[in-house]
Amino acid sequence: NEKLPKKASKDVRLLKQFLKANSLYGADVKTQGFSGYLCELLIIHYKSFLNLLNTAKNWHIKEIIDIENQWKKEDYHYLKKKFKDEILIVIDPVDKERNVASAVNAYNFFKFKKLAAEFLAKPREELFFQKKKLPLSSRDFDKLMKSRGTDIIAVIFEAPKVVPDILWPQLRKATKRLVNILKEYEFSVLKSDCWSDEKKTAVILLEMQVSRLPQVDIIKGPWIYDEKNSKNFAIKHKDDAIAGPYIEDDYWVVEVYRKWTSARIKLIDSISEDEKVLLAKGIPNFIANQLSKKFKVVGADELKKLLKDKEFAVFLRDYFEKENLM
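In terms of my numbering, the sequence shown opens at residue 2 and continues consecutively.
Okay, structure coming up:
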(Lines of atoms letter the chains of each structure in order from A; the text may use other names.)
(Lines give C-alpha, C1' and ligand atoms only; values in the text may rest on other atoms or scores of the structure.)
Protein backbone atom coordinates (compact mmCIF):
# COMPACT_ATOMS: atom_id res chain seq x y z
CA ASN A 2 0.00 0.00 0.00
CA GLU A 3 1.50 3.33 -1.12
CA LYS A 4 -0.02 5.18 1.83
CA LEU A 5 1.83 3.01 4.34
CA PRO A 6 4.62 4.92 6.11
CA LYS A 7 7.73 2.84 6.86
CA LYS A 8 7.21 2.69 10.62
CA ALA A 9 3.61 1.58 10.06
CA SER A 10 4.80 -1.47 8.09
CA LYS A 11 6.24 -2.88 11.29
CA ASP A 12 2.91 -2.45 13.07
CA VAL A 13 1.07 -4.10 10.18
CA ARG A 14 3.39 -7.11 10.45
CA LEU A 15 2.78 -7.18 14.20
CA LEU A 16 -1.00 -7.06 13.73
CA LYS A 17 -0.90 -9.82 11.10
CA GLN A 18 1.19 -12.03 13.39
CA PHE A 19 -1.21 -11.36 16.29
CA LEU A 20 -4.18 -12.33 14.11
CA LYS A 21 -2.47 -15.41 12.60
CA ALA A 22 -1.53 -16.70 16.06
CA ASN A 23 -5.17 -16.53 17.09
CA SER A 24 -6.67 -17.91 13.84
CA LEU A 25 -8.21 -14.56 12.89
CA TYR A 26 -6.16 -13.79 9.77
CA GLY A 27 -7.68 -14.30 6.35
CA ALA A 28 -10.83 -13.14 4.58
CA ASP A 29 -11.43 -16.56 3.04
CA VAL A 30 -14.82 -18.17 3.60
CA LYS A 31 -13.49 -20.74 6.06
CA THR A 32 -11.70 -18.24 8.33
CA GLN A 33 -14.05 -15.22 7.96
CA GLY A 34 -11.42 -12.98 9.49
CA PHE A 35 -9.22 -9.95 8.77
CA SER A 36 -7.61 -9.55 5.33
CA GLY A 37 -4.11 -8.13 4.77
CA TYR A 38 -5.62 -4.99 3.24
CA LEU A 39 -7.89 -4.52 6.26
CA CYS A 40 -4.84 -4.79 8.57
CA GLU A 41 -3.10 -2.02 6.61
CA LEU A 42 -6.14 0.25 6.77
CA LEU A 43 -6.57 -0.28 10.52
CA ILE A 44 -2.94 0.67 11.19
CA ILE A 45 -3.17 3.72 8.89
CA HIS A 46 -6.30 4.83 10.75
CA TYR A 47 -5.16 4.18 14.33
CA LYS A 48 -1.45 5.05 13.72
CA SER A 49 -0.11 2.07 15.71
CA PHE A 50 -0.79 -1.49 16.82
CA LEU A 51 -1.31 -0.42 20.45
CA ASN A 52 -3.67 2.42 19.54
CA LEU A 53 -5.70 -0.05 17.50
CA LEU A 54 -5.97 -2.47 20.44
CA ASN A 55 -6.88 0.37 22.81
CA THR A 56 -9.80 1.33 20.60
CA ALA A 57 -10.80 -2.14 19.39
CA LYS A 58 -11.44 -3.39 22.92
CA ASN A 59 -14.32 -0.88 23.06
CA TRP A 60 -15.62 -1.33 19.52
CA HIS A 61 -19.40 -1.42 19.23
CA ILE A 62 -21.34 -3.72 16.95
CA LYS A 63 -21.35 -2.14 13.47
CA GLU A 64 -18.38 0.09 14.32
CA ILE A 65 -17.80 2.40 11.34
CA ILE A 66 -14.26 3.34 10.31
CA ASP A 67 -14.09 5.81 7.42
CA ILE A 68 -10.43 6.81 7.02
CA GLU A 69 -10.97 9.37 4.24
CA ASN A 70 -14.23 10.71 5.72
CA GLN A 71 -16.06 9.87 2.51
CA TRP A 72 -19.37 9.73 4.36
CA LYS A 73 -20.96 12.27 6.69
CA LYS A 74 -21.92 11.25 10.24
CA GLU A 75 -25.59 11.56 9.29
CA ASP A 76 -25.00 8.85 6.64
CA TYR A 77 -23.99 6.31 9.28
CA HIS A 78 -27.54 5.07 9.79
CA TYR A 79 -27.76 4.42 6.04
CA LEU A 80 -24.38 2.63 6.07
CA LYS A 81 -25.48 0.31 8.87
CA LYS A 82 -28.52 -0.65 6.81
CA LYS A 83 -26.47 -0.97 3.61
CA PHE A 84 -24.08 -3.40 5.30
CA LYS A 85 -26.82 -4.96 7.41
CA ASP A 86 -25.25 -8.39 7.93
CA GLU A 87 -21.75 -7.07 8.59
CA ILE A 88 -20.52 -6.51 12.13
CA LEU A 89 -17.54 -4.25 11.35
CA ILE A 90 -17.63 -1.54 8.67
CA VAL A 91 -14.36 -0.21 7.25
CA ILE A 92 -14.94 1.98 4.20
CA ASP A 93 -12.53 1.32 1.34
CA PRO A 94 -10.58 4.56 0.66
CA VAL A 95 -10.71 3.84 -3.09
CA ASP A 96 -14.38 2.78 -3.22
CA LYS A 97 -16.75 4.32 -0.69
CA GLU A 98 -19.47 1.76 -1.50
CA ARG A 99 -17.31 -1.16 -0.33
CA ASN A 100 -16.81 -2.53 3.17
CA VAL A 101 -13.27 -3.93 3.46
CA ALA A 102 -14.25 -5.76 6.67
CA SER A 103 -17.25 -7.56 5.15
CA ALA A 104 -15.64 -10.99 5.68
CA VAL A 105 -15.27 -10.58 9.46
CA ASN A 106 -17.88 -12.68 11.26
CA ALA A 107 -19.34 -12.03 14.71
CA TYR A 108 -17.21 -14.68 16.44
CA ASN A 109 -13.95 -13.20 15.11
CA PHE A 110 -15.07 -9.64 15.89
CA PHE A 111 -15.71 -10.48 19.54
CA LYS A 112 -12.61 -12.66 19.77
CA PHE A 113 -10.43 -9.77 18.53
CA LYS A 114 -12.04 -7.37 21.04
CA LYS A 115 -11.38 -9.84 23.84
CA LEU A 116 -7.77 -10.48 22.77
CA ALA A 117 -7.14 -6.72 22.56
CA ALA A 118 -8.36 -6.25 26.15
CA GLU A 119 -6.37 -9.30 27.30
CA PHE A 120 -3.13 -8.09 25.73
CA LEU A 121 -3.49 -4.56 27.12
CA ALA A 122 -4.23 -5.87 30.62
CA LYS A 123 -1.21 -8.18 30.48
CA PRO A 124 1.08 -7.73 27.46
CA ARG A 125 2.82 -11.01 26.67
CA GLU A 126 4.69 -12.59 23.81
CA GLU A 127 2.72 -15.83 23.83
CA LEU A 128 -0.30 -14.08 22.28
CA PHE A 129 1.77 -13.75 19.08
CA PHE A 130 2.35 -17.49 18.74
CA GLN A 131 -0.12 -20.17 17.79
CA LYS A 132 -1.08 -22.32 20.74
CA LYS A 133 -0.81 -26.06 20.24
CA LYS A 134 -4.36 -27.34 20.18
CA LEU A 135 -4.93 -30.56 22.02
CA PRO A 136 -6.88 -33.21 20.07
CA LEU A 137 -9.85 -34.72 21.91
CA SER A 138 -9.16 -38.27 23.08
CA SER A 139 -11.68 -41.13 22.88
CA ARG A 140 -11.80 -41.19 26.65
CA ASP A 141 -12.58 -37.47 26.94
CA PHE A 142 -15.22 -37.82 24.23
CA ASP A 143 -16.94 -40.61 26.21
CA LYS A 144 -16.82 -38.50 29.38
CA LEU A 145 -18.30 -35.48 27.60
CA MET A 146 -21.12 -37.49 26.06
CA LYS A 147 -21.94 -38.97 29.46
CA SER A 148 -21.93 -35.62 31.27
CA ARG A 149 -23.95 -33.83 28.55
CA GLY A 150 -26.54 -36.58 28.21
CA THR A 151 -27.13 -35.71 24.57
CA ASP A 152 -27.10 -37.87 21.46
CA ILE A 153 -24.70 -37.24 18.60
CA ILE A 154 -25.73 -37.95 15.04
CA ALA A 155 -23.19 -37.39 12.28
CA VAL A 156 -23.53 -37.52 8.51
CA ILE A 157 -20.23 -38.62 6.98
CA PHE A 158 -19.59 -38.44 3.23
CA GLU A 159 -16.87 -37.79 0.69
CA ALA A 160 -15.89 -34.12 0.44
CA PRO A 161 -16.77 -32.68 -2.98
CA LYS A 162 -13.73 -31.80 -5.11
CA VAL A 163 -14.24 -28.03 -5.03
CA VAL A 164 -12.19 -25.10 -3.72
CA PRO A 165 -12.58 -24.31 0.02
CA ASP A 166 -14.41 -21.04 -0.75
CA ILE A 167 -17.20 -23.10 -2.33
CA LEU A 168 -17.01 -26.08 0.03
CA TRP A 169 -17.46 -24.22 3.34
CA PRO A 170 -20.57 -22.13 2.58
CA GLN A 171 -22.21 -25.21 1.05
CA LEU A 172 -21.32 -27.37 4.04
CA ARG A 173 -22.68 -24.75 6.46
CA LYS A 174 -25.85 -24.33 4.44
CA ALA A 175 -26.41 -28.11 4.26
CA THR A 176 -25.93 -28.34 8.04
CA LYS A 177 -28.58 -25.65 8.65
CA ARG A 178 -30.94 -27.37 6.25
CA LEU A 179 -30.64 -30.75 8.00
CA VAL A 180 -31.22 -29.07 11.38
CA ASN A 181 -34.42 -27.54 10.01
CA ILE A 182 -35.62 -30.80 8.47
CA LEU A 183 -35.27 -32.50 11.87
CA LYS A 184 -37.01 -29.57 13.58
CA GLU A 185 -39.97 -29.95 11.23
CA TYR A 186 -40.42 -33.45 12.67
CA GLU A 187 -40.00 -32.23 16.28
CA PHE A 188 -36.46 -33.57 16.71
CA SER A 189 -34.76 -30.76 18.56
CA VAL A 190 -31.09 -30.07 17.77
CA LEU A 191 -29.06 -28.58 20.63
CA LYS A 192 -26.03 -27.60 18.55
CA SER A 193 -24.65 -28.32 15.11
CA ASP A 194 -21.40 -27.85 13.21
CA CYS A 195 -19.53 -29.18 10.20
CA TRP A 196 -15.98 -30.21 9.39
CA SER A 197 -13.90 -31.29 6.44
CA ASP A 198 -10.27 -32.07 5.72
CA GLU A 199 -11.03 -30.45 2.32
CA LYS A 200 -9.72 -33.57 0.56
CA LYS A 201 -11.49 -36.80 1.40
CA THR A 202 -13.99 -36.45 4.23
CA ALA A 203 -16.84 -34.13 5.20
CA VAL A 204 -18.86 -34.40 8.41
CA ILE A 205 -22.11 -32.75 9.46
CA LEU A 206 -22.42 -32.95 13.23
CA LEU A 207 -25.80 -32.76 14.97
CA GLU A 208 -25.99 -32.86 18.75
CA MET A 209 -29.54 -33.81 19.63
CA GLN A 210 -31.59 -32.54 22.53
CA VAL A 211 -34.40 -34.86 21.45
CA SER A 212 -33.45 -37.78 19.21
CA ARG A 213 -36.32 -40.14 20.07
CA LEU A 214 -40.01 -39.32 20.24
CA PRO A 215 -42.95 -41.32 21.65
CA GLN A 216 -45.04 -43.39 19.24
CA VAL A 217 -48.11 -41.24 19.90
CA ASP A 218 -48.57 -37.63 18.82
CA ILE A 219 -51.38 -35.16 19.43
CA ILE A 220 -52.65 -33.06 16.54
CA LYS A 221 -54.51 -29.91 17.48
CA GLY A 222 -57.40 -29.10 15.18
CA PRO A 223 -59.79 -26.18 14.73
CA TRP A 224 -61.79 -24.29 17.32
CA ILE A 225 -65.02 -26.21 18.08
CA TYR A 226 -67.17 -23.23 17.00
CA ASP A 227 -65.69 -23.38 13.49
CA GLU A 228 -68.12 -25.99 12.17
CA LYS A 229 -66.91 -26.22 8.59
CA ASN A 230 -63.25 -26.81 9.49
CA SER A 231 -64.23 -29.10 12.36
CA LYS A 232 -65.98 -31.43 9.91
CA ASN A 233 -62.99 -31.37 7.55
CA PHE A 234 -60.65 -32.16 10.45
CA ALA A 235 -62.74 -35.17 11.44
CA ILE A 236 -62.80 -36.45 7.85
CA LYS A 237 -59.05 -35.92 7.43
CA HIS A 238 -58.23 -38.02 10.52
CA LYS A 239 -60.95 -40.65 10.08
CA ASP A 240 -58.41 -43.39 9.34
CA ASP A 241 -55.33 -42.40 11.34
CA ALA A 242 -56.84 -41.27 14.68
CA ILE A 243 -56.20 -43.75 17.49
CA ALA A 244 -58.19 -41.51 19.88
CA GLY A 245 -60.56 -38.64 19.21
CA PRO A 246 -61.52 -36.24 17.84
CA TYR A 247 -62.06 -35.05 21.41
CA ILE A 248 -62.07 -31.57 22.94
CA GLU A 249 -59.28 -29.80 24.80
CA ASP A 250 -59.73 -26.13 25.76
CA ASP A 251 -62.43 -25.65 23.10
CA TYR A 252 -60.28 -27.14 20.33
CA TRP A 253 -60.62 -30.48 18.56
CA VAL A 254 -57.67 -32.82 19.00
CA VAL A 255 -56.80 -36.30 17.78
CA GLU A 256 -54.12 -38.75 18.82
CA VAL A 257 -52.22 -40.46 16.01
CA TYR A 258 -49.21 -42.71 15.60
CA ARG A 259 -46.07 -40.87 14.57
CA LYS A 260 -44.41 -41.85 11.32
CA TRP A 261 -40.93 -41.02 12.63
CA THR A 262 -39.80 -41.72 16.19
CA SER A 263 -36.03 -41.78 15.59
CA ALA A 264 -34.09 -38.72 14.39
CA ARG A 265 -31.40 -40.92 12.90
CA ILE A 266 -33.86 -42.95 10.82
CA LYS A 267 -35.66 -39.77 9.71
CA LEU A 268 -32.33 -38.26 8.65
CA ILE A 269 -31.40 -41.35 6.63
CA ASP A 270 -34.82 -41.22 4.97
CA SER A 271 -34.47 -37.50 4.14
CA ILE A 272 -31.01 -37.88 2.59
CA SER A 273 -31.60 -41.14 0.71
CA GLU A 274 -32.71 -39.38 -2.44
CA ASP A 275 -31.29 -38.60 -5.85
CA GLU A 276 -29.53 -35.31 -6.48
CA LYS A 277 -32.59 -33.54 -7.92
CA VAL A 278 -34.73 -34.26 -4.86
CA LEU A 279 -31.94 -33.19 -2.49
CA LEU A 280 -31.59 -29.92 -4.41
CA ALA A 281 -35.34 -29.37 -4.11
CA LYS A 282 -34.98 -29.92 -0.35
CA GLY A 283 -32.50 -27.04 -0.21
CA ILE A 284 -29.24 -29.02 -0.07
CA PRO A 285 -26.55 -27.11 -2.07
CA ASN A 286 -25.49 -28.67 -5.39
CA PHE A 287 -22.02 -30.11 -4.67
CA ILE A 288 -23.12 -31.54 -1.32
CA ALA A 289 -26.32 -32.93 -2.88
CA ASN A 290 -24.21 -34.61 -5.56
CA GLN A 291 -21.99 -36.36 -3.00
CA LEU A 292 -24.86 -37.39 -0.71
CA SER A 293 -26.77 -38.88 -3.64
CA LYS A 294 -23.79 -41.19 -4.28
CA LYS A 295 -22.88 -42.37 -0.79
CA PHE A 296 -23.11 -41.32 2.87
CA LYS A 297 -23.46 -42.82 6.31
CA VAL A 298 -25.33 -41.60 9.36
CA VAL A 299 -23.56 -42.65 12.55
CA GLY A 300 -23.89 -42.27 16.30
CA ALA A 301 -21.25 -41.43 18.91
CA ASP A 302 -19.54 -44.85 18.88
CA GLU A 303 -18.92 -44.82 15.14
CA LEU A 304 -17.95 -41.15 15.17
CA LYS A 305 -15.27 -41.93 17.74
CA LYS A 306 -13.30 -43.80 15.07
CA LEU A 307 -12.78 -40.48 13.28
CA LEU A 308 -10.84 -39.17 16.30
CA LYS A 309 -7.82 -40.93 14.78
CA ASP A 310 -7.73 -37.91 12.46
CA LYS A 311 -5.90 -35.30 14.54
CA GLU A 312 -7.54 -32.36 12.74
CA PHE A 313 -11.00 -33.75 13.41
CA ALA A 314 -10.11 -34.44 17.05
CA VAL A 315 -9.02 -30.79 17.45
CA PHE A 316 -12.26 -29.62 15.79
CA LEU A 317 -14.31 -31.76 18.18
CA ARG A 318 -12.50 -30.33 21.21
CA ASP A 319 -13.23 -26.81 19.93
CA TYR A 320 -16.86 -27.81 19.40
CA PHE A 321 -17.29 -28.88 23.04
CA GLU A 322 -15.04 -26.31 24.71
CA LYS A 323 -16.45 -23.01 23.50
CA GLU A 324 -14.45 -20.07 24.82
CA ASN A 325 -15.92 -17.15 26.73
CA LEU A 326 -16.01 -14.15 24.37
CA MET A 327 -17.15 -11.50 26.84
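All residues carry an ideal CB built from backbone N, CA and C; glycine is no exception.
As the structure is a prediction and not an experimental result, all values here were calculated from the model.
Distance between residue 307 and residue 265, taken at the CA atoms: about 19 Å. Membership of residue 258 in the beta strand (DSSP E) is indicated by the continuous run 252-258. CA-to-CA, the gap between residue 250 and residue 227 works out to about 14 Å.
Annotation: residue 36 to residue 92 spans about 14 Å, alpha carbon to alpha carbon. Here residue 246 is buried. Its C-beta has 16 or more other C-beta atoms within 10 Å.
The residue among 104, 85, 43, 116 with its C-alpha nearest the C-alpha of residue 170 is 104. DSSP lists 202 as the beta-bridge partner residues of residue 159.
In this chain, residue 166 is not harboured by any beta strand (DSSP E); it is covered by the alpha helix (DSSP H) spanning 165-185.
DSSP lists 205 as the beta-bridge partner residues of residue 195. Considering only 295, 158, 39, the residue with the shortest C-alpha distance to residue 206 is 158. Closest in alpha carbon position to residue 48, among 256, 100, 10, is 10. Distance from the CA atom of residue 293 to the CA atom of residue 196, rounded to whole angstroms, is 19 Å. Assigned with DSSP and collapsed to three states, residue 89 falls in strand. Residue pairing of residue 221 in beta bridges, as defined by DSSP: 254. Scanning 321, 315, 320 for the CA closest to the CA of residue 134 turns up 315. Residue range 242-249 is occupied by the beta strand (DSSP E) that includes residue 244. Within the segment 79-157, the runs of beta strand (DSSP E) that reach at least 3 residues and sit entirely inside it are, in chain order, 89-93, 96-100. Within the same chain, 191, 208, 209, 210 come within 7 Å of residue 151 by CB-CB distance, once the 5 residues on both sides are set aside. With a beta-carbon spacing of about 5 Å, residue 100 and residue 90 fall inside the 8 Å limit used to define contacts. In the assembly as shown, residue 215 is an exposed residue. Its beta-carbon has fewer than 16 other beta-carbons within 10 Å. Inter-residue distance for residue 231 and residue 182 is about 29 Å (C-alpha atoms, whole angstroms).
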